[in-house]
Every structure is written in structure tokens, then in C-alpha cells.
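Asks: Residues 0 to 420 (numbering that gives the first Met the number 0) make up the sequence shown, in order. Quick reminder that beta carbons are idealized off the backbone N, C-alpha and C, glycines included.
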Amino acid sequence: MSTPFIILLLAIQTGPTISYSSPLRPSELSQIEGLILENAPISPSIASRQQLRLNPHELNLLLRYSGDVMNLSPNWAAHMQLYEQSLRSQVSVKISDSIQPLYFNITAELRTESNVLKLTSLSFGKLQIPQQLLNFTLMRVRSRLQSSIPPFPDLSELMTSVGNVSITPEWLDVDLLWDPILLSRLGNGAQRFFISNQDRQRIIHYYQIIAEVADAIPVDIRAVSLNTFLIPLFTSAQERSRIRGNPIAENRAIFQTLATYVNEEGIEQLLGDAVANTIGEARFIEIRLQRRQDLAQHLVSTAAITASAGADFAELLSTTKEAYDARYRSGFSFSDLTANSVGVTLSRRATQDPASAIRMQERIISIQNEADYMPEVGNNRDGLSESDFNALYQDRNSTQYQERLSEIQKLINERPLFAGF
0 MSTPFIILLL AIQTGPTISY SSPLRPSELS QIEGLILENA PISPSIASRQ
50 QLRLNPHELN LLLRYSGDVM NLSPNWAAHM QLYEQSLRSQ VSVKISDSIQ
100 PLYFNITAEL RTESNVLKLT SLSFGKLQIP QQLLNFTLMR VRSRLQSSIP
150 PFPDLSELMT SVGNVSITPE WLDVDLLWDP ILLSRLGNGA QRFFISNQDR
200 QRIIHYYQII AEVADAIPVD IRAVSLNTFL IPLFTSAQER SRIRGNPIAE
250 NRAIFQTLAT YVNEEGIEQL LGDAVANTIG EARFIEIRLQ RRQDLAQHLV
300 STAAITASAG ADFAELLSTT KEAYDARYRS GFSFSDLTAN SVGVTLSRRA
350 TQDPASAIRM QERIISIQNE ADYMPEVGNN RDGLSESDFN ALYQDRNSTQ
400 YQERLSEIQK LINERPLFAG F
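(1) Here's the rule: buried if 16 or more other CB atoms are within 10 angstroms of the residue's CB, otherwise exposed. What is A310?
(2) Buried or exposed for F193, please, with buried defined as at least 16 other CB atoms from any protein chain shown within 10 angstroms of its CB.
(3) With DSSP as the reference, label I128 as helix, strand or coil.
(4) Just checking, does the stretch 197 to 208 make contact with the stretch 173 to 187 on the three C-beta pairs under 8 Å criterion?
(5) Quick one: using the 10 Å Cβ neighbour count with 16 as the cut-off for buried, is G244 buried or exposed?
(6) Roughly how many whole angstroms lie between the Cα atoms of I216 and G330?
(7) Mind checking which residues open and close the alpha helix (DSSP H) that includes Y327?
(8) Beta-carbon separation of V218 and L257 under 8 Å?
(9) For Q69, report the span of its beta strand (DSSP E) as first-last.
(10) Curious, which full-length beta strand (DSSP E) runs of at least 3 residues does the stretch 203 to 227 contain?
(11) Assuming E32 contacts A322 under a Cβ cut-off of 8 Å, what Cβ separation, rounded to an integer in Å, is found between them?
(12) Just curious, the alpha helix (DSSP H) that F333 is in, first and last residue?
(13) Looking at C-alpha atoms only, which residue of M69, L229, V68, V164 is the closest neighbour of I445?
(14) Which term fits T13, buried or exposed, when burial requires 16 or more other beta carbons within 10 angstroms of its beta carbon?
(15) Output the boundary residues of the beta strand (DSSP E) element that contains L404.
(16) With 16 other CB atoms within 10 Å as the buried threshold, where does F420 fall?
(17) Kindly indicate which three-state DSSP category E375 falls into: helix, strand or coil?
(18) At the level of alpha carbons, what is the spacing between S384 and R395?
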């Protein structure tokens with residue numbers, strides 16, 4: 000047998016070292032929300048030192064959630080174990096599901112050296128990578144990423160912001176610098192990296208439509224309904240879908256483009272400065288929903304996140320954001336949560352499959368008023384502090400709170416835009 004074939008036999012195994020866990024339960028999702036809330040900075044817009052502390056259960060909970068969000072489950076499973084100043088990460092990936100399932104089982108050992116984590120051991124199945132080869136490969140990979148992936152320098156800078164890493168069997172402690180400017184730059188760069196050339200052209204097209212709609216609005220009008228932009232955008236998406244045959248991509252590009260405009264973030268966030276400078280800046284008109292700018296921002300932003308990262312991730316961000324507001328800011332808002340839920344529902348159905356995407360285009364074009372998709376939120380009790388929220392609902396896992404969420408979703412599903420979908 001040839002050497003490559005022997006290596007392949009050593010690397011591939013017929014069973015996983017780590018088995019897939021069942022989907023996350025609501026109580027586990029609530030724990031993840033709590034982890035994000037407990038470790039978030041009080042003032043995200045201000046640079047500060049942050050202390051991150053996770054136990055093994057919390058680490059593995061986040062690993063499971065990452066697999067679910069990236070749609071890796073159930074063909075992917077991972078587990079971490081903590082030791083004294085080291086950790087072991089095991090990953091099982093199913094690569095074949097024929098008569099005899101086949102797996103890549105990967106084990107990595109990381110140890111703290113000079114207060115940072117360093118990869119000291121890597122194996123694929125029964126194949127242990129020699130240390131010299133591992134060091135050489137890591138150096139080459141880093142060099143390649145540095146030159147070929149634009150966000151990588153910012154990612155490297157983020158890694159250097161870690162001041163200390165300490166590991167015991169009970170805890171992983173990380174001290175790092177929270178730098179909002181760096182994180183924003185890294186997020187924007189990563190977002191642009193995953194936008195294809197075709198999607199970039201779609202974004203340019205829809206941004207030009209936004210500019211045309213804005214230019215047609217009289218100069219003495221400062222704000223307009225969200226419908227003013229939704230209808231012409233999806234009218235164009237319907238026409239382009241008939242010609243190009245990709246309604247999901249068209250709808251996703253609309254949500255991404257409109258989100259940058261609604262939030263006054265600048266189209267360069269999606270296209271980069273060089274491309275953005277060639278198309279000019281659209282005149283800004285405040286977009287409102289039920290006469291509120293923040294509701295329009297919530298709906299469109301959540302729709303964009305849903306289209307890009309999935310509904311589960313968008314919903315987690317939505318509820319965690321409201322819990323954060325209850326603790327540190329203006330208070331928990333069911334009005335904001337309703338707008339977020341409308342955004343998730345709208346985007347999920349507009350990007351679910353081609354037939355659903357086309358059907359949603361047709362419905363959006365026929366919108367008569369905002370009530371066609373957005374329940375009235377004027378009677379909501381908003382601005383709840385964390386203590387007020389807990390007095391009413393105990394916590395976000397309680398039956399009372401889950402019933403309130405179900406009531407909101409029922410109201411949304413009954414809107415003409417979504418009814419009978």
C-alpha cells in the first residue's frame with residue numbers, strides 16, 4: 000500500500016470519539032443568554048479590560064450552540080476538557096453516511112505559555128502530527144492567512160489583546176481588552192469577506208434603488224414609513240428573480256443593504272471604501288415604523304441578521320439584547336422584541352426556499368399599510384428594569400414569559416403578510 004493511503008487509513012475511523020448531543024433545550028438557550036449577559040461590558044462603546052470566566056459545562060454549551068448556528072449538527076460534535084494550565088479539544092466530523100459511516104476524529108491539546116494558549120499537540124484519528132511538522136504547518140498557515148484573508152490582521156490584533164489566560168480543571172479565565180473600534184472593524188471585514196461578487200453586485204443595485212427612492216422624497220419631509228422603501232425594493236427583487244432565478248439571494252441582499260441605510264452605517268460596511276466611493280452616498284431619510292425610528296431599525300437589523308446568520312442566532316441576540324437593556328440601559332421592551340420577532344419571521348420566510356422567497360416578494364409588493372405585518376405595540380409595558388421584569392416573569396425561562404412570547408408570535412402570524420403562509 001502507498002504511504003498516502005496508509006496515512007488516510009490512520010486518519011479516518013469508523014466511529015466518533017464525541018457523539019452528537021441532542022438539540023439545545025430552552026433552558027440551555029437561556030443559560031447561553033445569561034453567559035453573554037454576564038460577560039458583556041457595561042459600556043460596549045468604551046474600551047475596557049474584561050474578565051471572562053467559563054467552567055467546562057459552559058464551554059461545551061457554547062460549542063454545541065456554535066455547531067447548531069453554523070448548521071454543522073448533527074454531523075459535527077465537539078467537547079472540551081480542562082486540566083491544569085491546559086485544555087483538550089476533541090472534534091468528530093462525519094464524512095460519509097454510507098453502509099459504514101466514516102469519521103474524522105480530531106484531538107488538539109493546548110497549553111498556556113507566557114499567558115497565552117499555544118497548540119502543542121494535534122492528531123487525526125490514530126495519526127499523530129509530529130511536533131516539528133505541526134510548528135512548520137502553523138507558521139505557513141498563518142503566513143498564508145495573513146496575505147490572503149483581509150480580516151486576518153485584525154483577528155491577530157484581537158488575539159494580542161488577550162492579557163492573560165489561566166486554566167484549572169474547574170475554570171478557564173481570560174483577561175482581554177474590549178476594543179469596540181477593533182471589534183467593529185473585524186466584524187465589518189469578516190462580513191465583507193463572506194459576500195460573494197454576485198451578492199456585491201446585488202447590494203450595489205439595491206443601494207441605488209434606495210438612493211432613487213430617497214431622492215424622490217420632497218426635501219421638507221424628514222421621515223417616511225418603512226413601506227416607502229420595502230415595496231420598490233421587493234418589486235425590483237421580483238423582476239430580477241424572474242431573470243436570474245435566485246430569489247433567496249435577492250431578498251437577503253435587500254435586508255443587508257436596507258439595514259446599513261436604516262442604521263446610518265454607510266454602505267462601505269458591506270462593499271468596502273473603494274467600491275462605495277464609486278457609487279456615491281444615498282441621501283438619508285429617517286425610516287419609521289408606527290412613527291418610531293427604533294422599531295424600523297429593530298425589524299430591519301434583525302431581518303438582516305436572520306438572512307445572514309440564521310433565525311436561531313437572531314432570536315438569541317434579540318432576547319439577550321433586551322435583557323441587557325433591562326440591566327444596564329433603557330429597560331426591557333416588548334415593543335422592541337415584537338419588531339425583532341417580525342424581522343425574524345419576515346426574513347425566515349423570505350429566505351427559506353425559492354418558492355417561499357418568491358411568495359414573500361409577491362406579498363410585500365402588495366402591502367397596504369404597516370399593520371399588514373407589524374402588530375400594534377402602543378399598549379406594551381416597556382422600560383422594565385431587571386428587577387421589575389423578574390417580579391412579573393421570574394426569568395426568561397418561566398411559563399409566564401414563554402406564554403407572552405407565544406402571544407406575540409401569534410399576533411405576528413395573524414398579520415396579512417404572514418397569514419396562511
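Replies: Inspection of the coordinates gives the following:
(1) buried
(2) exposed
(3) coil
(4) no
(5) exposed
(6) 35 Å
(7) 310 to 327
(8) no
(9) First, the residue type needs correcting, since residue 69 is Met and not Gln in the sequence shown. Run containing M69: none; DSSP gives neither H nor E here.
(10) 222 to 224
(11) 6 Å
(12) 333 to 349
(13) Because residue 445 is not part of the residues shown, which for the chain are 0 to 420, the question remains open.
(14) exposed
(15) Run containing L404: none in the beta strand (DSSP E); it sits in the alpha helix (DSSP H), 398 to 412.
(16) exposed
(17) coil
(18) 14 Å
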